[in-house]
Amino acid sequence: MSRAFVREEDEDLLNQRYDEAYVKKRSEWLRIQRKKLAFLTSDPKAEEIDPKTRERWIEQTREDIERTQEELRRLGALE
5 MSRAFVREED
15 EDLLNQRYDE
25 AYVKKRSEWL
35 RIQRKKLAFL
45 TSDPKAEEID
55 PKTRERWIEQ
65 TREDIERTQE
75 ELRRLGALE
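All residue numbers for the sequence shown refer to our numbering, where the first residue is 5 and numbers rise by one.
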């Protein structure tokens, strides 16, 4: 087998591992953001946060969740 094919296979394997690690990180980020949103919207302790700040964080978190979900859908990791 030619070295060119071996290198190409090695690159494909590295790319696949990178993609898997990336999806795992983004999935974990999505889980954290969902947990954060649940805290901000339903935990009594969140009511101690300045209302304007809390609303801004809720909006930013929702937007981030939407972006992350869309990214994972494009990667085929979220249905």
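Every residue gets a Cβ at the ideal spot worked out from N, C-alpha and C, and that includes glycine.
Bear in mind that the values here come from a model prediction, so they are computed numbers and not experimental data.
C-beta atoms of residue i and residue j nearer than 8 angstroms
i     : j     : result
Lys40 : Thr57 : no
Gln73 : Leu82 : yes
Nearest to residue i (by Cα), restricted to the options the options
i     : options                : result
Arg37 : Trp61, Ile69 and Lys29 : First, the residue type needs correcting, since residue 37 is Gln and not Arg in the sequence shown. The residue with the shortest Cα to Cα distance from Gln37 is Ile69.
Three-state secondary structure assigned by DSSP to residue i
i     : result
Ile53 : coil
Ala81 : coil
Asp47 : coil
Met5  : Note that Met5 scores 48 on pLDDT, short of 50, meaning its location in the model is unreliable and no value can be drawn from it.
Nearest-angstrom Cβ-Cβ length linking residue i and residue j, presumed shorter than 8 angstroms
i     : j     : result
Leu76 : Leu34 : 7 angstroms
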